[in-house]
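Asker: One structure, pasted below without further comment.
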Amino acid sequence: MDGSVGPMRVLVTGGSGLVGRAIERVVKEGEGREGEKWIFLSSKEANLVSAEETRAAFEKHRPTHVIHLAAMVGGLYRNMRQNLDFWRNNVHINDNVLNMSHEFGVVKVVSCLSTCVFPDKTTYPIDETMMHNGAPHDSNYGYAYAKRMIDVHNRALFQQYGRKYTAVIPTNMFGAHDNFNIEDGHVMPGLIHKTYLAKKEGKPLQVWGSGRALRQFIYSLDLARLFVWVLREYDEVEPIILSVGEEDELTVKDAVDAVVEGFGFKGEVIYDTSKSDGQIKKTANNAKLRKYLPDFKFTPFKQAVKETCDWFAANYDSARK
Amino acid sequence: MKPESSQMNGSLGPMRVLVTGGSGLVGRAIERLVKEEGENRKGEEWIFLTSKDANLLSAEETRAAFEKHRPTHVIHLAAMVGGLFRNMRQNLDFWRNNVFINDNVLKAAHEFGALKVVSCLSTCIFPDKTAYPIDETMIHNGPPHESNFGYAYAKRMIDVQNRALFQQYGLRYTAVIPTNVFGPHDNFNIEDGHVLPGLIHKTYLAKKEGKPLQVWGSGRALRQFIYSLDLARLFVWVLREYDEVEPIILSVGEEDEVSIKFAADAVVEALGFRGDVIYDTSKSDGQFKKTASNAKLRKYLPDFKFTPFKQAIQETCDWFVANYDSARK
């Protein structure tokens, strides 16, 4: 499994996205090993909603391992409007990838879940055992259930065929190559884009919410390194939360301050408290990760934010937004 | 693609109802009601689809069936089903095949403008760790029992898809949740079947071969049983009258919950079996108790009369004896 009977051929679905690009970079900068082949698949090459196209991609590349990142994703408002599409498309993508992996004898698949699929009514911190313990938040139940069913599928593959396909559960990711769309994007890329525009247009920065909501942020490059570790070394079927610890939980205001500093923004920052904070706190427990990797060092937050802001400013025209 | 009738209860034209899984336990019961007992209203067309007509695992074949029949309504019963032991061995197949069947049917129904689909869930998909009695609001409140999580999640996702279809398109597709169903035309396979048809077949053979009746488990597990003909009547009522997207439990009340031993005794009596009855406690009981509340059903139909249990058992045993050679086993 770890290449001792021959080098891995790793297919990364969703290869052009936030996490895919980060994995591509860490593999090129030293995480890749001799003889390994890493293929970064994008939707241009194969529409994974189609079983036939997925099969063709597997037939062409014949991977021994898969990192499955491809999904239909979106921000709060799009999810709320299109739960059916988020449910169906993601179920089809996931089934196609897991089924083809099984059929083509892929040794291991690592899929990508999210803390946003956890039960809405729950105690904190959340951990890996709690994912199915109740209904997800009403705003994105279509997406949430489709992601949860990856874990169901993995467990069934193990129970029926002994396959050890697994999944990771990141908290809030950010980094280069994100979707920086303000309406549709997530909190960090949205802040970065808004601050960039506020600076450019000489206007105040409007932040939605009070700034007091707490989040654990994980830099895409750190996530990528951990993803590769999971692929090589993590042997459980049960998923693993990949996140900084509870002690590194930050407020949205901390994040705003880091972005403002990252851009050298000198204008006013206004918190629009008429807008929802979302959940005030959704702490995830990274004890399992720390049990395996007690010494893993995350990139310092301000440095990671600065790198992302620099990337965005340098790539504004081509960035997804 | 507008169907001829555009009102749910047929007031603007008769229904054309496609029943998937038409040759199964519930499908045959509905067919009997419609063909022999007057449930069919004037001008209505009821089509009972079997796996011979279309393999619903295939999106193309499902579509072809909808194109051919153009139903205004669908009763969706088709599924990959099995008893405790087959589920435990094949969770992946139970998950995948049922997700495909359900997605194909719901998608085709949506595409072809079916006004209403009534799908079939089960109390066995409810959370394993839960308070009792269970009710319709509790389906998703925790993981299902380990033994059949593949089947259970696939069925639960029918409800998720119904809710999403309503949220995104305003369609009022819904589902029913029966407890343990039994009756003629069941799958009486002993390895693979459910508890009552398994008991009936085993008692029949024990009597024929002059051997003891071996019952798997302690006999103490508790179940609410619903006769297929009663379920069929309620299914048709749901199709015509029940307007919610949230599913509805179709079951006898908690007061009519019985032990497996009680059921075994009823079967023994119905078949006139005089030999020993042995309980093999090395075999699993499955879930010990899964009492369902039928309060919502009783709110809508306070006067609905279920067939008395022993009478229903007698009718089913008589059918099995008379149809032994052709019965599914």
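Chain order of the listed sequences is X and Y. full-length UniProt numbering numbers the first residue of the first sequence as 1 and each following residue consecutively. full-length UniProt numbering numbers the first residue of the second sequence as 1 and each following residue consecutively. Just so you know, even glycine gets a beta-carbon here, dropped at the ideal spot from N, CA and C. A quick note: this is a predicted structure, and the numbers were derived from the prediction, not measured.
Please tell me whether Pro-143/Y has its Cβ less than 8 angstroms away from any Cβ of chain X.
Answerer: Numbered from its first residue, the second sequence carries residue 143/Y at position 143. Yes - at least one Cβ of chain X is within 8 angstroms of the one on Pro-143/Y.
Asker: Anything in chain X within Cβ reach of Ala-164/Y, meaning under 7 angstroms, just list it in chain order.
Answerer: As a working mapping, residue 164/Y is identified with position 164 in the second sequence. Residues of chain X passing the Cβ test: Asn-83, Leu-84, Trp-87, Gly-142.
Asker: Is the Cβ of Gly-150/Y closer than 8 angstroms to any Cβ of chain X?
Answerer: The residue given as residue 150/Y occupies position 150 in the second sequence. Yes, its Cβ sits closer than 8 angstroms to a Cβ of chain X.
Asker: Below 8 angstroms on the Cβ atoms is my contact criterion, and I expect Thr-179/Y with Glu-244/Y to pass it. Report the Cβ-Cβ distance as a whole number of Å.
Answerer: On the second sequence, residue 179/Y is found 179 positions in, with the first residue counted as 1. On the second sequence, residue 244/Y is found 244 positions in, with the first residue counted as 1. About 19 angstroms separates the two Cβ atoms, so there is no contact after all.
Asker: Where does Pro-189/X sit, in a helix, a strand or coil, going by DSSP?
Answerer: Position 189 of the first sequence, counted from the first residue, corresponds to residue 189/X. Three-state result, Pro-189/X: helix.
Asker: Using a Cβ-Cβ distance under 8 angstroms, would His-153/X count as near chain Y?
Answerer: The residue you call residue 153/X lines up with position 153 of the first sequence. His-153/X counts as touching chain Y.
Asker: What are the boundary residues of the beta strand (DSSP E) that includes Thr-166/X?
Answerer: Counting from 1 along the first sequence, the entry for residue 166/X is found at position 166. Where Thr-166/X is concerned, the enclosing beta strand (DSSP E) stretches over 166 to 170.
Asker: Can you pull the chain X neighbours of Asn-91/Y, defined as C-beta to C-beta under 7 angstroms?
Answerer: For this step, residue 91/Y is matched to residue 91 along the second sequence. Result: Ala-156, Gln-159, Gln-160.
Asker: Just verifying my parser: in three-state terms, what is the DSSP assignment at Asp-325/Y?
Answerer: Here residue 325/Y refers to the residue found at position 325 when the second sequence is read from its first residue. Asp-325/Y falls in the coil class under three-state DSSP.
Asker: What residues in its chain sit with their C-beta under 7 angstroms from that of Arg-231/Y, if we drop five residues either side in the sequence?
Answerer: Residue 231/Y sits at position 231 when you count from the first residue of the second sequence. A small correction: the amino acid at residue 231/Y is Leu; Arg does not occupy that position in the sequence shown. Result list for Leu-231/Y: Val-26, Ala-29, Pro-178, Val-181, Leu-250, in chain order.
Asker: So, is Ile-280/X buried or exposed, given that buried needs 16 or more other C-beta atoms within 10 angstroms?
Answerer: If you number the first sequence from 1, residue 280/X lands on position 280. Classification of Ile-280/X: exposed, given that the 10 Å Cβ count is below 16.
Asker: Using alpha carbons as the reference points, say which of Leu-115/Y, His-145/Y, Leu-56/Y lies closest to Asp-285/Y.
Answerer: Residue 285/Y sits at position 285 when you count from the first residue of the second sequence. Nearest C-alpha to Asp-285/Y: His-145/Y.
Asker: Going by C-alpha distance, which of Asn-55/Y, Val-74/Y, Thr-130/Y, Ala-64/Y is nearest Ile-47/Y?
Answerer: Within the second sequence, numbered from 1, the residue matching residue 47/Y stands at position 47. That would be Val-74/Y, whose Cα lies nearest to the Cα of Ile-47/Y.
Asker: With a threshold of 7 angstroms, establish whether the CB of Leu-205/Y neighbours any heavy atom of the ligand COA.
Answerer: The ligand COA is not among the ligands present in this structure, which contains no ligands whatsoever.
Asker: Return the CA-CA distance between Tyr-165/X and Ala-156/X, expressed in angstroms with no decimal places.
Answerer: Walking along the first sequence from the start, residue 165/X turns up at place 165. Walking along the first sequence from the start, residue 156/X turns up at place 156. Rounded to whole angstroms, Tyr-165/X to Ala-156/X spans 10 angstroms at the Cα level.
Asker: Suppose the cutoff is 7 angstroms on Cβ atoms and the five residues either side in sequence are ignored; what does the same chain contact list for Met-100/X look like?
Answerer: For the purposes of this step, residue 100/X is identified with residue 100 of the first sequence, where counting begins at 1. Closer than 7 angstroms at the Cβ level, and outside the excluded window around Met-100/X, lie Thr-54, Arg-55, Phe-58.
Asker: In the structure shown, what three-state DSSP assignment does Val-74/Y receive?
Answerer: Here residue 74/Y refers to the residue found at position 74 of the second sequence. Here Val-74/Y sits in strand by DSSP.
Asker: To which residues does DSSP link Gln-214/Y through a beta bridge?
Answerer: Position 214 of the second sequence, counted from the first residue, corresponds to residue 214/Y. According to DSSP, which records beta bridges pairwise, Gln-214/Y is partnered with Ile-278/Y.
Asker: Using 8 angstroms as the threshold, is the C-beta distance between Val-266/Y and Lys-305/Y below it?
Answerer: Residue numbering aside, residue 266/Y sits at position 266 when the second sequence is read from its first letter. Residue numbering aside, residue 305/Y sits at position 305 when the second sequence is read from its first letter. According to the sequence as given, residue 266/Y is Ala; it is not Val. No. Outside cutoff.
Asker: Thinking C-beta only, is Pro-143/Y closer than 8 angstroms to His-132/X?
Answerer: As a first step, residue 132/X must be located in the first sequence, where it is residue number 132. As a first step, residue 143/Y must be located in the second sequence, where it is residue number 143. In contact: His-132/X and Pro-143/Y (Cβ atoms closer than 8 angstroms).
Asker: Ordered along the chain, which non-local residues of its own chain (more than five positions away) have a Cβ less than 7 angstroms from that of Thr-50/Y?
Answerer: Here residue 50/Y refers to the residue found at position 50 when the second sequence is read from its first residue. Gly-22, Ser-23.
Asker: With distances taken from CA atoms, which of His-102/X, Phe-263/X, Gly-105/X, Tyr-124/X is nearest Glu-246/X?
Answerer: Here the question's residue 246/X lines up with position 246 in the first sequence. The candidate whose alpha carbon is nearest that of Glu-246/X is Tyr-124/X.
Asker: Within the 8 angstroms Cβ cut-off, does Met-1/X reach chain Y?
Answerer: Translated into the one-based positions of the first sequence, residue 1/X becomes position 1. Unreliable positioning characterises Met-1/X in this predicted model, as indicated by a pLDDT of 47, which lies under 50. The coordinate reading is nonetheless provided below. No, its Cβ sits nowhere closer than 8 angstroms to a Cβ of chain Y.
Asker: Return the CA-CA distance between Gly-13/Y and Lys-42/Y, expressed in angstroms with no decimal places.
Answerer: Your numbering for residue 13/Y matches position 13 in the second sequence. Your numbering for residue 42/Y matches position 42 in the second sequence. Computed Cα separation, rounded: 10 angstroms.
Asker: I'd like to know if Asp-103/Y contacts chain X, where contact means its C-beta is closer than 8 angstroms to some C-beta of that chain.
Answerer: For the purposes of this step, residue 103/Y is identified with residue 103 of the second sequence, where counting begins at 1. Taking Cβ atoms only, chain X reaches closer than 8 angstroms to Asp-103/Y, which makes this a yes.
Asker: Should Asn-172/X and His-186/X be called a contact, given that it needs their Cβ atoms to be closer than 8 angstroms?
Answerer: In the first sequence, counting from the first residue as 1, residue 172/X sits at position 172. In the first sequence, counting from the first residue as 1, residue 186/X sits at position 186. Yes; because the gap between Cβ atoms is below 8 angstroms, this pair is in contact.
Asker: Strictly below 8 angstroms CB to CB, what residues from chain Y border Gly-134/X?
Answerer: For the purposes of this step, residue 134/X is identified with residue 134 of the first sequence, where counting begins at 1. Those are His-140, Asn-141, Gly-142, listed as they occur along chain Y.
Asker: Show which residues of chain Y have a CB atom less than 8 angstroms away from the CB atom of Tyr-145/X.
Answerer: Translated into positions along the first sequence, residue 145/X becomes position 145. Within chain Y, the residues near Tyr-145/X are Met-157, Val-160.
Asker: Our contact map puts Tyr-143/X next to Val-160/Y with C-beta atoms below 8 angstroms; I'd like the distance itself, whole angstroms only.
Answerer: Mapped onto the first sequence, residue 143/X falls at position 143. Mapped onto the second sequence, residue 160/Y falls at position 160. No, Tyr-143/X and Val-160/Y are not in contact; Cβ-Cβ is about 11 angstroms, not under 8 angstroms.
Asker: Under 8 angstroms between C-beta atoms, does Val-91/X make it to chain Y?
Answerer: Locating residue 91/X in the first sequence gives position 91, counting from the first residue. It does; some Cβ of chain Y falls within 8 angstroms.
Asker: Does the region 182 to 199 of chain X touch the region 247 to 260 of chain X, meaning 3 or more C-beta pairs lie closer than 8 angstroms?
Answerer: They touch, by the three-pair rule.
Asker: Is the region 54 to 65 of chain Y touching the region 301 to 321 of chain X, taking contact as three or more C-beta pairs under 8 angstroms?
Answerer: The region 54 to 65 of chain Y, when compared against the region 301 to 321 of chain X, does not touch it at the 8 angstroms Cβ threshold.
Asker: How should Phe-100/Y be labelled, buried or exposed, when 16 other C-beta atoms within 10 angstroms of its C-beta is the threshold for buried?
Answerer: Position 100 of the second sequence, counted from the start, is the residue given in the question as residue 100/Y. Classification of Phe-100/Y: buried, given that the 10 Å Cβ count is 16 or more.
Asker: Taking C-beta to C-beta, are Asp-272/X and Trp-229/X nearer than 8 angstroms?
Answerer: Walking along the first sequence from the start, residue 272/X turns up at place 272. Walking along the first sequence from the start, residue 229/X turns up at place 229. Going by C-beta atoms, Asp-272/X is not nearer than 8 angstroms to Trp-229/X.
Asker: Could you tell me which chain Y residues have their CB closer than 9 angstroms to the CB of Asp-95/X, listed as they occur along the chain?
Answerer: Your numbering for residue 95/X matches position 95 in the first sequence. In chain order: Arg-96, Val-99, Phe-100.
Asker: Given this structure, state the Cα-to-Cα distance separating residue 323/X from Lys-44/X, to the nearest angstrom.
Answerer: The structure shown has nothing for residue 323/X, since chain X only spans 1 to 321.
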